[in-house]
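Chemist: If you're matching positions, the sequence shown starts at 2 in our numbering and goes up one per residue. Even glycine gets a Cβ: it sits at the ideal position worked out from N, Cα and C.
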Amino acid sequence: MPVLAALADMPDPARAARAEAFERDLAGVFGTRYAVAVNSGTAALHAALFAAGIRPGDEILVPALTVVMTAAPVVQLGATPVFVDSDPATFDVDYADAAAKVTARTRAIVPVHLWGRMGDPAALAAFASRHGLAVVEDAAQAGGTSRAGTAAGTAGSAGCFSMKDGKILWSGEGGFVVTDDADLAARARAFRGHWLTPPPGERPQQHLAVNARLAEPLAALAHANLHRLPALLERRRAQSTHLLHALAGARGLTPIRSATDETWNHYSPLLSIGLPRPRAFADHLARIGVPNSTGTFHLIPCDTRPMFSGGARPPCRGAAQILERTLAIVLTDRDDEAGLDRYAAAITHASATWSG
Ligand SMILES: Cc1ncc(COP(=O)(O)O)c(C=O)c1O
C-alpha cells in the first residue's frame with residue numbers, strides 16, 4: 002500500500018520524495034521535460050499563469066464554456082478574464098470571437114478541454130502566435146486525450162491538470178503542471194512553495210506566492226494511479242461505450258462523437274438533447290439519480306456567473322447553446338455495468354415520457 006508506506010515515513014518536513022518521484026514519472030508519461038505537482042487543478046492554473054508572467058492588469062482569454070475554477074486564478078492574480086465563445090458544432094474556441102476580443106493588454110489564452118474534448122491544436126497555435134499570446138491549457142478533465150498527435154496539456158506553454166476525485170487520474174485532491182519550459186517550471190515550483198526555493202537568479206521570497214504543495218500520501222496515491230493510467234483510461238472508454246450502447250434507443254438523445262483526428266479520453270459520455278426544454282431534462286435526470294454537468298453541478302456559461310456578468314459585453318451564445326443542449330454524464334471508475342445499466346434505464350424511461 003503506497004499510501005501506508007508514505008504515512009510510515011512521516012513526518013519528514015525537509016523532503017518530498019514521493020512528490021518528486023511522481024513528477025519524474027509524470028513528465029515521462031506526458032513526454033514533457035518537467036512536471037510540477039500541486040494540491041489542486043486550480044492551483045496548477047494559478048502557478049502556471051503566474052509562472053507564465055501574468056500580472057495585474059493583464060487580460061486573459063478564457064472560454065465561457067468552463068467551470069469557475071478556470072477563471073478564479075486569473076482574478077486572484079489581478080488579471081481580467083475576457084470570456085470568449087465556443088463553436089456549438091465542434092465545442093472548440095470561436096476564434097473569430099476571440100480575435101475580436103484581443104486588446105493591447107491581452108497576454109494569454111486558456112483553452113479548456115471540457116469533458117475531455119480537445120480543440121484543434123493547429124488552430125490554437127496559429128491564433129496564439131498571430132496575437133503573441135502564451136497558451137496555458139486547462140486540461141483538468143483531459144488527461145489521456147490527444148488531437149492530431151498532440152496530447153492535451155502539451156499544446157502550449159503549460160498544461161494544467163486536476164486530480165480531484167472523479168478525474169481519470171485521481172488522488173482525492175491534487176493537480177499538476179506539465180511544460181517543456183525550464184524557466185516556467187522553476188517559477189511554478191517556486192510559486193507552489195511561497196517562493197522559498199526561487200528560480201536561478203532570484204532571491205527567496207522575492208514574490209508573494211502560495212502554499213500549494215501536494216501532500217506526500219496523496220503523491221503516493223497519485224503515483225500508484227499513474228502506473229495504472231492505461232487501465233483507468235481503458236475503463237472509462239469501456240464505461241462510456243457501454244452506456245452509449247445501452248442508450249441507443251433513447252428518444253431524442255444523440256451521442257456526440259469526437260473529432261476524427263481526436264483520441265478522446267471519454268471523460269464524460271456526451272449526448273445532444275433533442276427534447277423540449279433540454280436543460281430542464283438534464284436537471285430532471287440529476288434529480289432521479291443520473292449525475293450530469295448541468296443538472297448536478299449547475300454548470301452555466303462562466304460569463305453569466307454573477308461575479309463576471311457586470312460588463313457590457315454580449316453573452317457568449319455558442320457556449321450557452323452547448324450547455325443548454327448537452328447531456329454530459331458524470332462517471333467515476335467505481336461505476337460498474339449494473340450501475341451504468343441503471344443510468345441507461347432511468348434516462349430511457351425519462352426521455353420516453355418527457356413532455357417538457
Ligand atoms: C475544467 C476544470 N478546470 C479546473 C478545475 C479545478 O480543479 P480542482 O478542483 O482540482 O481545483 C476543474 C475541476 O473540477 C475542472 O473540471
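Between Val4 and His285, what straight-line distance do the alpha-carbon atoms span, to the nearest angstrom?
Modeler: Counting from one through the sequence shown, the residue named residue 4 turns up at place 3. Counting from one through the sequence shown, the residue named residue 285 turns up at place 284. Distance between the alpha carbons of Val4 and His285: 39 angstroms.
Chemist: Which class does Phe23 belong to by DSSP, given the choice of helix, strand or coil?
Modeler: Start at 1 with the first residue of the sequence shown, and residue 23 comes out as number 22. Residue state, collapsed to three classes: helix.
Chemist: Rounded to a whole number of angstroms, what is the C-alpha to C-alpha distance between Met164 and Gly42?
Modeler: Here the question's residue 164 lines up with position 163 in the sequence shown. Here the question's residue 42 lines up with position 41 in the sequence shown. Rounded to the nearest angstrom, the two C-alpha atoms are 7 angstroms apart.
Chemist: Which residues end up in the neighbourhood of ligand 1 when you take C-beta atoms closer than 6 angstroms to any of its heavy atoms?
Modeler: Ser41, Gly42, Thr43, Thr67, Val68, Met70, Thr71, Val113, Leu115, Asp139, Ala141, Gln142, Ser163, Lys165 and Gly176
Chemist: Rank Ala281, Trp265, Ser310 and Leu245 by C-alpha distance to the C-alpha of Ala346 and give the top, closest one.
Modeler: Locating residue 346 in the sequence shown gives position 345, where the first residue counts as 1. Of Ala281, Trp265, Ser310 and Leu245, the residue nearest in Cα terms is Leu245.
Chemist: Near Gly160, what residues of its chain come up, given a Cβ to Cβ distance below 6 angstroms and the 5 sequence neighbours on each side ignored?
Modeler: Here residue 160 is taken as the residue at index 159 of the sequence shown, counted from 1. Cβ neighbours of Gly160 beyond the five flanking positions: Glu138, Ala140, Gly154 and Val179.
Chemist: Mind the definition here: the region 203-214 touches the region 56-71 only if three or more C-beta pairs lie below 8 angstroms; say whether that holds.
Modeler: no
Chemist: DSSP beta-bridge partners for Gly148?
Modeler: Here residue 148 refers to the residue found at position 147 of the sequence shown. Strictly speaking, residue 148 in this sequence is Arg, with Gly absent from that position. Arg148 pairs with Thr151 and Glu263.
Chemist: Quick one: what's got a C-beta closer than 6 angstroms to Gln322's C-beta in the same chain, skipping five residues either side?
Modeler: In the sequence shown, the residue the question calls residue 322 occupies position 321. Closer than 6 angstroms at the Cβ level, and outside the excluded window around Gln322, lie Pro89.
Chemist: Kindly confirm or deny that the region 270-279 and the region 317-331 touch, where touching means at least three C-beta pairs closer than 8 angstroms.
Modeler: yes
Chemist: Between which two residues does the beta strand (DSSP E) containing Pro82 stretch?
Modeler: In the sequence shown, the residue the question calls residue 82 occupies position 81. Per DSSP, Pro82 is one residue of the beta strand (DSSP E) stretching across Thr81 to Val85.
Chemist: Where are the beta strand (DSSP E) runs, 3 residues long or more, that stay fully inside the region 11-57, in chain order?
Modeler: 35-39
Chemist: So within the region 95-167, which uninterrupted beta strand (DSSP E) runs reach at least 3 residues, ignoring any that extend past its ends?
Modeler: 107-110, 135-139 and 159-163
Chemist: Name the DSSP beta bridge partners of Leu272, please?
Modeler: Taking the first residue of the sequence shown as position 1, residue 272 is located at position 271. Looking at the DSSP assignment, Leu272 forms a beta bridge with Pro256 and Leu328.
Chemist: For Gly194, which residues does DSSP report across the bridge?
Modeler: Walking along the sequence shown from the start, residue 194 turns up at place 193. The partner list for Gly194 (beta bridge, DSSP) reads Asn212.
Chemist: Taking the continuous beta strand (DSSP E) assigned at Leu62, which residues delimit it?
Modeler: Counting from one through the sequence shown, the residue named residue 62 turns up at place 61. Here the beta strand (DSSP E) through Leu62 covers Glu60 to Pro64.
Chemist: With distances taken from CA atoms, which of Leu170, Glu60 and Val136 is nearest Ser233?
Modeler: Walking along the sequence shown from the start, residue 233 turns up at place 232. The sequence given here places Leu at residue 233; Ser does not occur at that position. Comparing Cα positions, the closest option is Leu170.
Chemist: Reducing DSSP to helix, strand and coil, say where Thr349 ends up.
Modeler: By one-based count along the sequence shown, residue 349 stands at place 348. Here Thr349 sits in helix by DSSP.
Chemist: To the nearest angstrom, report how far apart Ala225 and Ala7 are at their CA atoms.
Modeler: As a working note, residue 225 is residue 224 in the sequence shown. As a working note, residue 7 is residue 6 in the sequence shown. So the alpha carbons of these two residues sit roughly 12 angstroms apart.
Chemist: If you check the beta carbons only, do Leu62 and Val76 fall under 7 angstroms apart?
Modeler: Position 61 of the sequence shown holds residue 62. Position 75 of the sequence shown holds residue 76. Judged by beta-carbon spacing, Val76 lies beyond the 7 angstroms limit of Leu62, meaning their Cβ atoms are not closer than that value.
Chemist: With the cut-off set at 7 angstroms, would you say Val111 and Asp98 are in Cβ contact?
Modeler: As a first step, residue 111 must be located in the sequence shown, where it is residue number 110. As a first step, residue 98 must be located in the sequence shown, where it is residue number 97. No, they are not a contact pair.
Chemist: Return helix, strand or coil for Gly311, following the three-state DSSP convention.
Modeler: Within the sequence shown, numbered from 1, the residue matching residue 311 stands at position 310. Residue state, collapsed to three classes: coil.
Chemist: State the CB to CB distance for the pair Met119 and Glu263, rounded to an integer number of angstroms; the pair is presumed to be in contact (CB under 8 angstroms).
Modeler: If you number the sequence shown from 1, residue 119 lands on position 118. If you number the sequence shown from 1, residue 263 lands on position 262. Yes, Met119 and Glu263 are in contact; Cβ-Cβ is about 6 angstroms, under 8 angstroms.
Chemist: Compare the Cα-Cα distances from Gly150 to each of Asp121, Ser130 and Gly173 and report the closest residue.
Modeler: Here residue 150 refers to the residue found at position 149 when the sequence shown is read from its first residue. Of the listed residues, the one whose Cα sits closest to Gly150 is Asp121.
Chemist: Go ahead and pull the three-state DSSP assignment for Gly202.
Modeler: The residue labelled residue 202 in the question sits at position 201 within the sequence shown. Coil.
Chemist: If you count every other CB in all the chains shown that lies within 10 Å of the CB of Gly173, and 16 or more means buried, which is it?
Modeler: Residue 173 sits at position 172 when you count from the first residue of the sequence shown. Exposed, because fewer than 16 other Cβ atoms sit within 10 Å of the Cβ of Gly173.
Chemist: Tell me Asn293's beta-bridge partners as DSSP assigns them.
Modeler: The count along the sequence shown starts at 1 and reaches residue 293 at position 292. Note: Asn293 sits in a beta bridge opposite Ile330.
Chemist: Could you check which residue in Arg314, Ala351 and Arg236 has the C-alpha nearest to that of Ala101?
Modeler: In the sequence shown, counting from the first residue as 1, residue 101 sits at position 100. The candidate whose alpha carbon is nearest that of Ala101 is Arg314.
Chemist: Give me the Cα-Cα distance between Ala260 and Gly54, rounded to the nearest whole angstrom.
Modeler: On the sequence shown, position 259 is the one that residue 260 refers to. On the sequence shown, position 53 is the one that residue 54 refers to. Using only the alpha carbons, I get a separation of about 33 angstroms.
Chemist: With a Cβ-Cβ cutoff of 7 angstroms, do Arg25 and Glu217 count as a contact?
Modeler: Position 24 of the sequence shown, counting from 1, holds the residue named residue 25. Position 216 of the sequence shown, counting from 1, holds the residue named residue 217. Here Arg25 is not near Glu217, since their CB atoms are 7 angstroms or more apart.
Chemist: Quick one: Cα of Arg188 to Cα of Gly167, how far?
Modeler: Residue 188 sits at position 187 when you count from the first residue of the sequence shown. Residue 167 sits at position 166 when you count from the first residue of the sequence shown. One C-alpha to the other measures close to 29 angstroms.
Chemist: To which residues of the same chain is Asp93 closer than 8 angstroms at the C-beta, ignoring the five residues directly before and after it?
Modeler: Here the question's residue 93 lines up with position 92 in the sequence shown. Around Asp93: Ser87, Gly120, Asp121 and Ala124.
Chemist: Taking the beta carbon of Asp304 as the centre, do at least 16 other beta carbons fall within 10 Å, making it buried, or is it exposed?
Modeler: Sequence index remark: in the sequence shown, residue 304 carries index 303 (1-based). When all chains shown are included, Asp304 counts as buried.
Chemist: Rounded C-beta distance between Asn293 and Thr146? I'm assuming under 8 angstroms.
Modeler: Within the sequence shown, residue 293 is the residue found at index 292, counting from 1. Within the sequence shown, residue 146 is the residue found at index 145, counting from 1. 20 angstroms between Cβ atoms; not a contact.
Chemist: Would you call Thr376 buried or exposed, if buried means 16 or more other Cβ atoms sit within 10 Å of its Cβ?
Modeler: Nothing can be reported for residue 376: it is not among the residues displayed for the chain, which extend from 2 to 357.
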